[in-house]
Amino acid sequence: MPGNVPIHPKPAGAARPRPARITPASLLTLEAYAKARKDFRAKVIAHKKARTVHLAEHLTLQFEDELTMRYQIQEMLRIERIFEEEGIRGEIDVYDPLVPDGSNLKATMLIEYEDADERKRALARLKGVEDRVWVAVDGHERVFAVADEDLDRETDEKTSSVHFLRFEFTPAMVAAVKHGAALAMGVDHPAMSASIAAVGSATRESLVRDFA
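For the sequence shown, our numbering gives the first residue as -17, with consecutive numbering after it.
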């Protein structure tokens, strides 16, 4: 819905090979967040707009970064009334792994159908689709997603409506993007095939910052 910034299901904590990008010091207290929430939400909505790619009619990629994950954490702290340091660190451990680390893009993939029966049938047809989503830097081969690294979001019968994706790039690919190469995206699955030859300039500019 317009104006909404959805809170996604937790991706489950995983050991991080790098220091956390988000720390307790970078988060607002519950009281401070309550006062700042309206303006902060507006900032996140505007930020997410450029980072959302509607790849197919029913498939959307929401590319995550420090700001979007900090919002997720702040909202979870607010909803669950968490104010103790241990609980705060627990939320950071869950969401911080979805922050890009300079050599990758990370995204939440959403498969959306309004009708529950249609969604159930589609998820059965789309089993394995999360592994067939790709991003390509102009002049380089496609990079297929590494999906749901720390959990299994698929059953024998169907895929999930939400997946967490990582696209890992070589140094040459990163350099090309930073020098202006176009970014293409697509999905290559028997039940869903679509592609975008080049994402828009606002999206590209936002995603390039993930390679800092």
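Ideal Cβ placement from N, Cα and C applies to all residues, glycine included. Predicted, not measured: the structure shown is a model, and the values here were computed from it.
Query: Look at residue 169 and residue 115 and say whether their C-beta atoms are less than 7 angstroms apart.; Result: yes
Query: What is the rounded straight-line gap between the Cα of residue 42 and the Cα of residue 6?; Result: 30 angstroms
Query: Taking the alpha helix (DSSP H) that residue 188 belongs to, which residues open and close that run?; Result: 183 to 190
Query: On a CA-only basis, which of 147, 103, 155 is nearest residue 139? Give me that one, please.; Result: 103
Query: Straight-line CA distance for residue 90 to residue 150?; Result: 15 angstroms
Query: Excluding five sequence neighbours on each side, which residues of the same chain lie with their C-beta closer than 6 angstroms to the C-beta of residue 94?; Result: 40
Query: Quick one: is residue 73 buried, meaning 16 or more other Cβ sit within 10 Å of its Cβ, or exposed?; Result: buried
Query: So within the segment 98 to 167, which uninterrupted beta strand (DSSP E) runs reach at least 3 residues, ignoring any that extend past its ends?; Result: 115 to 119, 124 to 126, 144 to 150
Query: Looking only at its chain, what residues have a beta carbon closer than 6 angstroms to the beta carbon of residue 29, apart from the 5 residues adjacent to it on each side?; Result: 49
Query: Can you find the residues in the same chain that come closer than 6 angstroms, C-beta to C-beta, to residue 56, ignoring five residues on each side of it along the sequence?; Result: 15
Query: Taking just the CA atoms, how far does residue 51 sit from residue 58?; Result: 11 angstroms
Query: Would you call residue 4 buried or exposed, if buried means 16 or more other Cβ atoms sit within 10 Å of its Cβ?; Result: buried
Query: So residue 176 and residue 166 are supposed to be a Cβ contact under 8 angstroms. How far apart are they, rounded?; Result: About 11 angstroms separates the two Cβ atoms, so there is no contact after all.
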